[in-house]
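Participant:
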Amino acid sequence: MSSIKAGSISKGMYLLFRNEPWQVTRSDFFHPGKGSAVQRVKMKNVKTGNTQDITYKTSESVEMIEVNSSEMQFLYNDGSEVVFMDPRSYDQVAVPLSLIEDKVGFLTPEVSCYVITYEDEVLGVSLPAKVKLKVEYAEDAVAGNRVNAPKKPVKMETGIEVMAPLFVKTGDVLIIDTDNGQYVSRG
Amino acid sequence: MKTWQKIQHHQSLIDRYLVRERVIDDIRAFFKQQDFHEVETPLLVEHPGTEPYLEVFETQLQLADGRSKKGFLTTSPEYSMKKLLVAGLPKIFQICKSFRNNEGLGGMHNHEFTILEWYRTEADYQEVMKDCEQLLIHLVGGSTLTYQDREYDLTIPWPRISVAEAFERWCGLSTDEFLEVKNLKHKAEELGLSVSAEDTWDNLYSLLMVHVIEPELAKFNQPIFLYDYPLSQAALSKRKVDDPRFAERFEWYVGGIELGNAFSELTDAQEQKQRLVEELQLRKELGKKEYTLDEDFITALETGMPEAGGIAVGVDRLIMLLADVPSVKETLLFPTEDVFEV
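Sequences listed follow chains A and B, in order.
Those letters in the first sequence? Residues -8 to 178, per the numbering used here, in order.
Those letters in the second sequence? Residues 3 to 344, per the numbering used here, in order.
Okay, structure coming up:
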């Protein structure tokens, strides 16, 4: 565990708060100008899923959790748990779906994932900033107003829908931003 | 990727950035129609504002003969503009850059930012509230602002809530309770915020303002004026006649975002000097950069400053609303992150 200044809290970090691990989902700096600067933080309890808003003075110290992260391969999602495997030891780890619900749409066996643990408990899974996914189905480009609506929904191999440019076809490989699920480019 | 590169790749992005040009043109037109004069005042000064919690950028003014003076970039052009009121200009505005150091890289701040200030004599903060109402309606070009999928009704008058009312309504503290540090401390602890023995009233006030009050203001579907601030939060504004613990200052919010900060300007030279000296002392205690009082500003007030109302508005935030983007960074062609490798 190590102390950091609240002013440097950023999204994705794990903090120890009331003796429990929390992941930061949003962190904003505010300076009302006539008082000390503050950091408004939204975080999610990794065990219970509860969310909490907290405001810190930027100079305050907070406890950051030093987590272990090990590279693992995605095996399957059984609807309540997502199973990963350590490619060296073949050990398997089951991660509750609730911890990574927003990420399952980016998981394929080709994506290199890091399973994050703290004191032998799984906290979550970290993905690369961008992943390559194959288009399972894209409707043919329809003629229309290309200036104002240059995108169409396409279905990816993992089941998620992404807004992609009109030229994208079934079978294309696209690069997707895992932070917001948006199309970046063709892979 | 730098912003200029993003625009090169996605030409449609340019429209969002050009909103700035239109907003600045429209602000100018709005004030010129009402016979305001546009002025230019220095950004590089020897005596910047004394706000204890703002940090300034420091540089040096050097003369050819080898002499030199410490110089600072202004956090606001306020002192110079008030000197011009004393000089005899009754209605003035300015759109200029201002600089605040030690800020975070969040979506609501940029170290170098654009500020709009306007001042009118024979007026107080009430008139400035009306200016804000008319200005936003002028910029939007109608009575509804759509921002991030929410509609804001701009029909005037906008709600006006005093700071004391806000703390009573959302923190359950009466005016007398709110002004005592122990009650703010208790409230902050109750909300799970960490509080230390050194926390001053002003620190706890900021913490509760950002944690409780601003999120409540964000729920309104109209712009809001939060007015009448405790005296320690309003160094350049006139005291309230009926309750001198408060001063005639207001802040202008849309969707919980602070857009501007206004005062009925303090015209009493002695009181102003005393408050600025106290602020400079607090700067020293807080370990902020030290400089001396702008005596020329005090001289101006002694000469006779007319009654006036004035305001500073964050132009980048205004553009953010009108361009319908979530962060001021998305209105800037060169945000700090593009200019410095941070």
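Built from N, CA and C at the ideal position, the CB exists for glycine as well.
Drop a sphere of 10 angstroms on the beta-carbon of A:Ile0, count the other beta-carbons inside from all chains shown, and report buried for 16 or more, exposed for fewer.
Facilitator: With 16 or more Cβ atoms within 10 Å of its Cβ, A:Ile0 is classed as buried.
Participant: Per DSSP, which residues does B:Ile300 bridge with? Please list them.
Facilitator: Its beta-bridge partners do not exist; DSSP assigns none.
Participant: State the DSSP-derived secondary structure class of B:Leu323, mapped to helix, strand or coil.
Facilitator: Here B:Leu323 sits in helix by DSSP.
Participant: What are the boundary residues of the beta strand (DSSP E) that includes A:Pro12?
Facilitator: Glu11 to Phe21 is the extent of the beta strand (DSSP E) around A:Pro12.
Participant: Is the beta carbon of B:Gln96 sitting closer than 7 Å to the one on B:Val142?
Facilitator: Their beta carbons are not under 7 Å apart, which means B:Gln96 does not touch B:Val142 by this criterion.
Participant: Does A:Asn136 come out as helix, strand or coil in the three-state DSSP assignment?
Facilitator: Below a pLDDT of 50, predicted positions are generally treated as unreliable, and A:Asn136, at 48, falls in that range; the measurement from the model is reported next regardless. The answer is coil: DSSP assigns A:Asn136 none of H, G, I, E or B.
Participant: Just by C-beta distance, which residues in the stretch 200 to 212 of chain B are closer than 7 Å to chain A?
Facilitator: Listed by position, the residues of the stretch 200 to 212 of chain B near chain A (Cβ gap below 7 Å) are Asp204, Asn205, Tyr207, Ser208, Leu209, Met211 and Val212.
Participant: By DSSP's criteria, B:Tyr153 is part of a beta bridge. Which residues make up the other side?
Facilitator: Note that residue 153 of chain B corresponds to Glu in the displayed sequence, not to Tyr. In the DSSP output, where bridge partners are listed per residue, B:Glu153 has B:Thr148.
Participant: Contact between the stretch 7 to 21 of chain B and the stretch 73 to 88 of chain B is defined here as three or more beta-carbon pairs at a separation below 8 Å; is this criterion met?
Facilitator: Touching, no, given that fewer than three Cβ pairs across the two stretches are closer than 8 Å.
Participant: Tell me the residue span of the beta strand (DSSP E) that contains A:Ile167.
Facilitator: Note, A:Ile167: beta strand (DSSP E), Val164 to Asp168.
Participant: Give me the subset of the stretch 15 to 34 of chain A whose CB atoms are less than 9 Å from a CB atom of chain B, sorted by chain position.
Facilitator: Cβ contacts with chain B come from Ser18, Asp19, Phe20, Phe21, His22, Pro23, Gly24, Lys25, Gly26, Ser27, Ala28, Val29, Gln30 and Arg31.
Participant: If you measure between the beta carbons of B:Thr43 and B:Ser82, is that distance less than 7 Å?
Facilitator: Yes, they are a contact pair.
Participant: In the DSSP output, what is B:Glu48 paired with across the bridge?
Facilitator: Beta-bridge pairing links B:Glu48 to no other residue.
Participant: What did DSSP end up calling B:His39 once you bin it into helix, strand or coil?
Facilitator: DSSP places B:His39 in strand when its eight states are reduced to three.
Participant: Identify each residue in the stretch 93 to 114 of chain B for which the Cβ-Cβ distance to at least one residue of chain A is less than 8 Å, and report them in chain order.
Facilitator: Cβ contacts with chain A: Arg102, Asn104, Glu105, Gly106, Leu107, Gly108, Gly109, Met110 and His111.
Participant: Do we get a CB-CB distance below 7 Å when we pair A:Thr46 with the residues of chain B?
Facilitator: With 7 Å as the cut-off, A:Thr46 counts as an interface residue toward chain B.
Participant: Tell me, which residues are paired with A:Lys48 by DSSP?
Facilitator: Note: A:Lys48 sits in a beta bridge opposite A:Val29.
Participant: Excluding the 5 residues flanking B:Leu210 on each side, which residues of the same chain have their C-beta closer than 7 Å to its C-beta?
Facilitator: If we look at B:Leu210 and ignore the five residues flanking it on each side, its Cβ neighbours are Cys173, Leu186, Lys189 and Ala190.
Participant: Going along the stretch 41 to 74 of chain A in order, which residues come within less than 8 Å of chain B, judged by CB to CB distance?
Facilitator: Here the close residues are Gln43, Asp44, Ile45, Thr46, Tyr47, Lys48, Thr49 and Glu51.
Participant: Take A:Asp44 as the anchor and find which of A:Cys104, A:Met34, A:Val29 and A:Gln173 has the nearest alpha-carbon.
Facilitator: That would be A:Met34, whose Cα lies nearest to the Cα of A:Asp44.
Participant: With B:Tyr149 and B:Asn223 assumed to form a contact (beta carbons below 8 Å), what rounded beta-carbon distance in angstroms separates them?
Facilitator: No, B:Tyr149 and B:Asn223 are not in contact; Cβ-Cβ is about 11 Å, not under 8 Å.
Participant: In the DSSP assignment, what are the bridge partners of A:Pro87?
Facilitator: Partner(s): A:Glu72.
Participant: Chain A beta carbons: is any one of them nearer than 7 Å to that of B:Gln35?
Facilitator: It does not: the Cβ of B:Gln35 has no partner Cβ on chain A nearer than 7 Å.
Participant: Since A:Cys104 sits in a beta bridge, which residues does DSSP pair it with?
Facilitator: Per DSSP, A:Met63.
Participant: How about the stretch 235 to 248 of chain B and the stretch 80 to 87 of chain A: do they share at least three Cβ pairs that are nearer than 8 Å?
Facilitator: No, the stretch 235 to 248 of chain B does not touch the stretch 80 to 87 of chain A.
Participant: By alpha-carbon positions, which one of B:Asp270, B:Glu280, B:Ala89 and B:Gly311 ends up nearest to B:Glu132?
Facilitator: At residue 132 of chain B the sequence reads Lys, which differs from the Glu that was named. The candidate whose alpha carbon is nearest that of B:Lys132 is B:Gly311.
Participant: Return the Cβ separation of A:Met63 and A:Met4 in integer angstroms, given the expectation that the two are a contact with Cβ distance under 8 Å.
Facilitator: The Cβ separation is near 21 Å, so there is no contact.
Participant: When you compare only the Cα positions, how much space is there between B:Val58 and B:Thr52?
Facilitator: Rounded to whole angstroms, B:Val58 to B:Thr52 spans 10 Å at the Cα level.
Participant: Please compile the residues from chain B whose C-beta is within a distance smaller than 7 Å of the C-beta of A:Gly(-2).
Facilitator: Result: Gly106.
Participant: For B:Ser239, which residues in chain A fall below 9 Å Cβ to Cβ?
Facilitator: Those do not exist, as B:Ser239 stays about 11 Å from chain A at its closest Cβ, beyond 9 Å.
Participant: Kindly list the residues whose CB is nearer than 6 Å to the CB of B:Asp126, restricted to its own chain and excluding five residues on each side of it in sequence; keep chain order.
Facilitator: Counting only Cβ-Cβ distances below 6 Å, and skipping sequence neighbours, we find Ser266 and Gly311.
Participant: Please name the residue or residues paired with A:Asn36 in a DSSP beta bridge.
Facilitator: A:Asn36 is bridged to A:Trp13.
Participant: Cβ of B:Gln235 less than 7 Å from any chain A Cβ?
Facilitator: Taking Cβ atoms only, chain A reaches closer than 7 Å to B:Gln235, which makes this a yes.
Participant: B:Val88 lies in the alpha helix (DSSP H); which residues open and close that run?
Facilitator: Taken as a continuous stretch (DSSP letters only), the alpha helix (DSSP H) holding B:Val88 covers Glu80 to Ala89.
Participant: B:Gly194 touches chain A at which residues, Cβ-Cβ below 7 Å?
Facilitator: Ile45, listed in chain order.
Participant: Are the beta-carbon atoms belonging to B:Glu260 and B:Glu250 less than 7 Å from one another?
Facilitator: Going by C-beta atoms, B:Glu260 is not nearer than 7 Å to B:Glu250.
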